[in-house]
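Structure record follows, encoded as structure tokens.
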Amino acid sequence: MTKSIKVAFAGNPNVGKTTLLNHIAGTNLSVGNWPGVTVEKREGYLNYKGYDIHFVDLPGIYTLEPLSADEWIACDFLVEEKPDVIVNVIETSNADRDLLLTTELLEFERPMVLAFNMTDEAAKRGIEVDAQHTTELLDIPVVKTNGRNGHGTQDLLDSIIAASEGHRVSKPVTYSERIEKSLGKIEEGSEDGKVEKHTLLKLLSESEVATEQRKELEEFYHGRIANIISDERYAYANGLHAEILKKRITSARDLTDKLDRVLLHPILGFLIFLFIMFLLFKVSFDFSTPLMNWAQNFITGFLAPVVASVLASFGARKWVLGFFSEAIVGGVGFVITFVPLIATIYLALAYLEMSGYMPRIAFLMDRFMHKLGLHGKGIIPLLLGFGCNVPAVMATRTLEYKKDKLLVMTMIPFMSCPARLVVFSFFAIIFFRHPATVIFSLYLLGIVIGLLTALFLKKTAFRGRLSHFVMELPPYRIPRVKTVMKIVWMQVKSFLTRAGTVIFAASVVVWVLLNTPPGLKNQSDSAAAYIGKAITPVFRPIGIKDWRISTSLIPAFLAREIVLSSMGTIYSAEMPQSNAKIEFWHALGSQIEDLGTAMKESVISLFSPSISSLQSENQNQDLRQVIRSSFTAASALSFMIFLLLYTSCLATVAVMAREAGNKFAIGFLGYSLVIAWLVAFVVYHVGSLV
Amino acid sequence: MKSNSHTEQKATPIDSRLKKPLRPKKTLKELQVGDVAQIVEFSNPNDMSKKIEAMGLRRGKQVEVLQRLGRGILVKTNNSRIVITSDLAKNIEVK
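Chains Z and X are the protein sequences, given in the same order. Last residue of the first sequence: 690 in our numbering, with the numbers rising by one and none dropped. Last residue of the second sequence: 1095 in our numbering, with the numbers rising by one and none dropped.
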């Protein structure tokens, strides 16, 4: 018979709980080197030695007295759900801090395992934990783990089972005699018999039944009960620390201190920050462009004709071939060619997240942000927004004050995500001589509109004093290539999944509407055209006069890339079908050869000082030619601005509704539409004059 | 500044707000880059100060100021580095 065990991973922020869980349960939960990556409880399952183990990864907490939303989630789970085993993950180098939470967790008097993590880093600092002695003192299993390579995870699993099987609870935490006596009295008075220490202390600090004991203690210690209890806990944690950790004196300055001298230098640090941002932008473009060109050519020039000729040889009907070339190749295939761009931008962002630099940007930028009345810690969700707005909105949970949280949330959707970049990179190349500059300006415009929105709200709805903050900076760590690759793969996989599901579905719907009623001669009589023409009056003032574009904008609310897949579907129906026969093996050979050239170009372009690669563009000319006929430079720009500013992403609206309420989300969506339209309007009219 | 300034005044937070301390106390806010000091007390205990203590900035700990940028102060205690804004740092008395 299998037995199920519910295990909670608890510990201070950024001690490696999620990384350990990924090793143990084979999960792919996102990780990073900064406090606050995990903001919700996340789960993993494992069948091990006949046990069904259900792991729950909790957001990091410093104490069981929560302030921010993510901390509440962790504390509530530990108190209410009563996990069978608590795994308390401790960063060995910071054990003096972490042991306070350990003390509080021990008060639950539940089966518990201590996992001393990052023992390798600690060893370099001359810090070593005596696991054997800790077990003797606390009577619970203690293991040493290393999240980087997974060492010790086997021990951890065995300890979890031992802890749950033996129902072994730790030796009770004992505080000073006077407190213990008071707690004893409270327990005597309780009807439930044995009460765990966590509850007793809670009763002592706030319940009516303990008024007498509380008064007695407060008089004796000349202090408030909350302080008396916390002093006791600190004393216990310090005692434990002195007993179980050995420290050799090593040289005080480590690599992080040395790097911070430069990277957090008031002037130099800021310049380096700008340079790093430029580099991020450059790498994302230059590295991916040759590969994207290859991918486009591979799909339209090789894969599509090959599959089409196979279909034709099976005697497929004309509409099947049409569906294939328009909805599949034109729509989904077109979007898939942007995979290299998606992969490189996430690669760059993964390094930013894993190295430990990201929270430092918050520290660097708070200097400017706080002058505008904004919170420096809010930079982290904004930076995450460049990766994807959805987790960015979730990340606002780490902010302690609701006002800050909402303020940051109203800025996030203006941070341009890779889905938008995909659209920009396509349009900017067609219409502008310096596409990189245009795209960069669009990113800046998003940031400026976000700032203005926040400033406006700060002066009206969210008035009040600027809140203070406290934030931990992690040590710099060199990201493991394997971990980074896994992050990139997860993102590419999710992009491909989107292409295969929602983008595919949207392409099919657009294609069907385009061919409704059946047997149409002229596309502009189709249902799709009818719908597009109906909403064109709204977009005409911002320069979008073509029904083919307004039609594409409707399904784009699901996800922004759909604007491209829809256009691809619509426009490829208009393009002449190429019936050129291709010689399979010869074509395959030259495709492979081209891939080699593209990779070489990608690497070489990294060494040029400016962003250059977007400028030499000649692939997929057909579609570009057709699209060129529907836009002018001004209307293309206005179109991109509209798509940048309006929250055209169902997932973002949904997550905002979950985190801040329906009213807020819908209200913001309306606001973003208005602002997008207005800015596009101005840009279009000014642009048309130039 | 003498270290006994705080032992003489075991005042509750309300009292310390009412009467001005006889000798000015030095706070974390006033430390310069490179200064090393020891945390003596939190002058205005609240939920936030509890969190700060739990993060490792607690009584008796030695802290070193690594950098100051605007209102942010980067301090190091043992192996952790913490950024704290000056309006929180002014409530942390040091010697």
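From the three backbone atoms N, C-alpha and C, an ideal C-beta is built for every residue, glycine too. Because the structure is a prediction, the values reported are computed rather than measured.
Can you list, in chain order, the residues of its chain with a C-beta nearer than 7 Å to that of Leu606(Z)? Leave out the 5 residues immediately preceding and following it.
For the purposes of this step, residue 606(Z) is taken as the residue at position 606 of the first sequence. Leaving aside the five residues that flank Leu606(Z) on each side, the residues in its chain whose CB is nearer than 7 Å to its CB run, in chain order, Val283, Asp286, Phe287.
Select from Thr38(Z), Thr410(Z), Leu383(Z) the residue whose C-alpha is nearest the C-alpha of Leu669(Z).
Indexing the first sequence from 1 puts residue 669(Z) at position 669. Proximity to Leu669(Z) across Thr38(Z), Thr410(Z), Leu383(Z) peaks at Thr410(Z), based on C-alpha coordinates.
What in chain X is Cβ-close to Tyr234(Z), meaning under 7 Å?
By 1-based counting over the first sequence, the position of residue 234(Z) is 234. Per Cβ cutoff of 7 Å: Arg1058.
From what residue to what residue does the alpha helix (DSSP H) around His468(Z) run?
For the purposes of this step, residue 468(Z) is identified with residue 468 of the first sequence, where counting begins at 1. Run containing His468(Z): none; DSSP gives neither H nor E here.
Where DSSP assigns a beta bridge to Asp52(Z), which residues make up the other side?
Your numbering for residue 52(Z) matches position 52 in the first sequence. The secondary-structure analysis by DSSP pairs Asp52(Z) across a beta bridge with Ser4(Z), Asn47(Z).
Looking at chain Z, is there any beta carbon in it that lies within less than 9 Å of the beta carbon of Ala1054(X)?
Residue mapping note: residue 1054(X) aligns to position 54 of the second sequence, counting from 1. Closer than 9 Å to some Cβ of chain Z, the Cβ of Ala1054(X) qualifies, so yes.
For Pro475(Z), would you say it is in contact with chain X, using Cβ-to-Cβ distances shorter than 9 Å as the test?
Translated into the one-based positions of the first sequence, residue 475(Z) becomes position 475. Cβ-Cβ to chain X under 9 Å: yes for Pro475(Z).
With DSSP run on the structure shown, which of helix, strand or coil describes Asp130(Z)?
Numbered from 1 along the first sequence, position 130 holds the residue referred to as residue 130(Z). Three-state result, Asp130(Z): coil.
Does the region 350-362 of chain Z come into contact with the region 374-393 of chain Z, if we say contact requires no fewer than three beta-carbon pairs (one atom in each stretch) closer than 8 Å?
yes
Let me check understanding here. Comparing Cα to Cα, which of Phe302(Z), Val679(Z), Lys402(Z), Ile272(Z) lies closest to Glu583(Z)?
Walking along the first sequence from the start, residue 583(Z) turns up at place 583. Nearest option by C-alpha distance: Phe302(Z).
For a quick check, are the C-beta atoms of Asp1035(X) and Val1065(X) less than 9 Å apart?
For this step, residue 1035(X) is matched to residue 35 along the second sequence. For this step, residue 1065(X) is matched to residue 65 along the second sequence. Contact: yes.
Presumed contact (8 Å Cβ cut-off) between Val89(Z) and Gly36(Z), rounded CB distance
Locating residue 89(Z) in the first sequence gives position 89, counting from the first residue. Locating residue 36(Z) in the first sequence gives position 36, counting from the first residue. So it is not a contact: roughly 15 Å between Cβ atoms.
In chain order, which continuous runs of the alpha helix (DSSP H) of length 4 or greater are located wholly inside the region 534-576 of chain Z?
547-553, 562-574
What does the alpha-carbon distance come out to for the pair Asp139(Z) and Ser4(Z)?
Numbered from 1 along the first sequence, position 139 holds the residue referred to as residue 139(Z). Numbered from 1 along the first sequence, position 4 holds the residue referred to as residue 4(Z). Each residue's Cα considered, the two are about 23 Å apart.
Between the C-alpha atoms of Gly376(Z) and Phe368(Z), what's the straight-line distance to the nearest angstrom?
Residue 376(Z) sits at position 376 when you count from the first residue of the first sequence. Residue 368(Z) sits at position 368 when you count from the first residue of the first sequence. Distance between the alpha carbons of Gly376(Z) and Phe368(Z) is about 8 Å.
Can you pull the chain X neighbours of Asn227(Z), defined as C-beta to C-beta under 8 Å?
Locating residue 227(Z) in the first sequence gives position 227, counting from the first residue. Near Asn227(Z) (Cβ distances below 8 Å), the residues of chain X are Pro1045.
Interface residues of chain X around Gly376(Z) at Cβ under 7 Å?
By 1-based counting over the first sequence, the position of residue 376(Z) is 376. Residues of chain X whose Cβ lies closer than 7 Å to the Cβ of Gly376(Z) are, in chain order, Gly1072.
If you measure beta-carbon to beta-carbon, which residues of the region 344-360 of chain Z are closer than 7 Å to chain X?
Residues passing the 7 Å Cβ filter: none.
Please list the segments of the beta strand (DSSP E) lying wholly inside the region 239-274 of chain Z, counting only runs of 3 or more residues, in order along the chain.
245-247
When the cut-off is 9 Å and only beta carbons count, does Gly269(Z) lie next to chain X?
In the first sequence, the residue the question calls residue 269(Z) occupies position 269. Output row for Gly269(Z): interface = yes.
Buried/exposed call for Pro435(Z), threshold 16 Cβ in 10 Å:
Here residue 435(Z) refers to the residue found at position 435 when the first sequence is read from its first residue. Buried, since its Cβ has 16 or more Cβ neighbours within 10 Å.
What would DSSP say about Arg125(Z), mapped onto helix, strand or coil?
Stepping through the first sequence from its first residue, residue 125(Z) is reached at position 125. In this structure, Arg125(Z) counts as coil in the three-state DSSP scheme.
Have a look at Thr102(Z) and Lys663(Z) and give me their C-alpha separation to the nearest angstrom.
If you number the first sequence from 1, residue 102(Z) lands on position 102. If you number the first sequence from 1, residue 663(Z) lands on position 663. About 41 Å.
How big is the Cα-Cα spacing for Glu617(Z) and Arg628(Z)?
Numbered from its first residue, the first sequence carries residue 617(Z) at position 617. Numbered from its first residue, the first sequence carries residue 628(Z) at position 628. For Glu617(Z), the pLDDT reaches just 46, beneath the cut-off of 50, and the residue's location in the model is therefore unreliable, although a value from the coordinates is still provided. Computed Cα separation, rounded: 14 Å.
Nearest neighbour of Pro305(Z), chosen from Ile554(Z), Thr289(Z), Gly322(Z) [CA to CA]
Looking up residue 305(Z) in the first sequence gives position 305. Among Ile554(Z), Thr289(Z), Gly322(Z), the Cα nearest to that of Pro305(Z) belongs to Gly322(Z).
For a contact defined as C-beta to C-beta under 7 Å, what are the partners of Phe363(Z) on chain X?
Position 363 of the first sequence, counting from 1, holds the residue named residue 363(Z). Ordered by position in chain X, the residues that pass the 7 Å Cβ test against Phe363(Z) are Leu1069, Gly1072, Leu1074, Val1083.
Suppose the cutoff is 8 Å on Cβ atoms and the five residues either side in sequence are ignored; what does the same chain contact list for Val39(Z) look like?
Numbered from 1 along the first sequence, position 39 holds the residue referred to as residue 39(Z). The residues are Pro59, Ala69, Asp70, Ile73, Met394, Ala395, Arg397, Thr398.
Taking the C-alpha atoms as reference points, what is the distance between Ala210(Z) and Ile225(Z)?
Within the first sequence, numbered from 1, the residue matching residue 210(Z) stands at position 210. Within the first sequence, numbered from 1, the residue matching residue 225(Z) stands at position 225. If you take the alpha carbons of Ala210(Z) and Ile225(Z), they lie about 11 Å apart.
Would you mind stating whether Lys1051(X) and Glu1093(X) have Cβ atoms separated by less than 9 Å?
As a working mapping, residue 1051(X) is identified with position 51 in the second sequence. As a working mapping, residue 1093(X) is identified with position 93 in the second sequence. Going by C-beta atoms, Lys1051(X) is not nearer than 9 Å to Glu1093(X).
Whole angstroms is fine: what's the gap from Gly126(Z)'s alpha carbon to Glu243(Z)'s?
What you label residue 126(Z) is simply residue 126 of the first sequence in a count that begins at 1. What you label residue 243(Z) is simply residue 243 of the first sequence in a count that begins at 1. Computed Cα separation, rounded: 16 Å.
Does any residue of chain X bring its CB to less than 9 Å from the CB of Ala123(Z)?
Position 123 of the first sequence, counting from 1, holds the residue named residue 123(Z). By this cut-off, Ala123(Z) is not an interface position.
Where Gly500(Z) falls, given that 16 or more other Cβ within 10 Å makes a residue buried
By 1-based counting over the first sequence, the position of residue 500(Z) is 500. With fewer than 16 other Cβ atoms within 10 Å, it is exposed.
Taking Lys1029(X) as the query, report the chain Z residues whose CB atoms sit under 9 Å from its CB, ordered along the chain.
Your numbering for residue 1029(X) matches position 29 in the second sequence. The contacting residues do not exist; Lys1029(X) stays about 11 Å from chain Z at best.
At what residues does the beta strand (DSSP E) containing Gln1141(X) begin and finish?
Any property of residue 1141(X) remains undetermined from this structure, which presents chain X solely from 1001 to 1095.
Which of helix, strand or coil DSSP assigns to Pro111(Z):
Position 111 of the first sequence, counted from the first residue, corresponds to residue 111(Z). In this structure, Pro111(Z) counts as strand in the three-state DSSP scheme.
Simplified DSSP assignment, three categories, for Glu91(Z)
To locate residue 91(Z), count along the first sequence from 1; it is residue 91. Glu91(Z) falls in the strand class under three-state DSSP.
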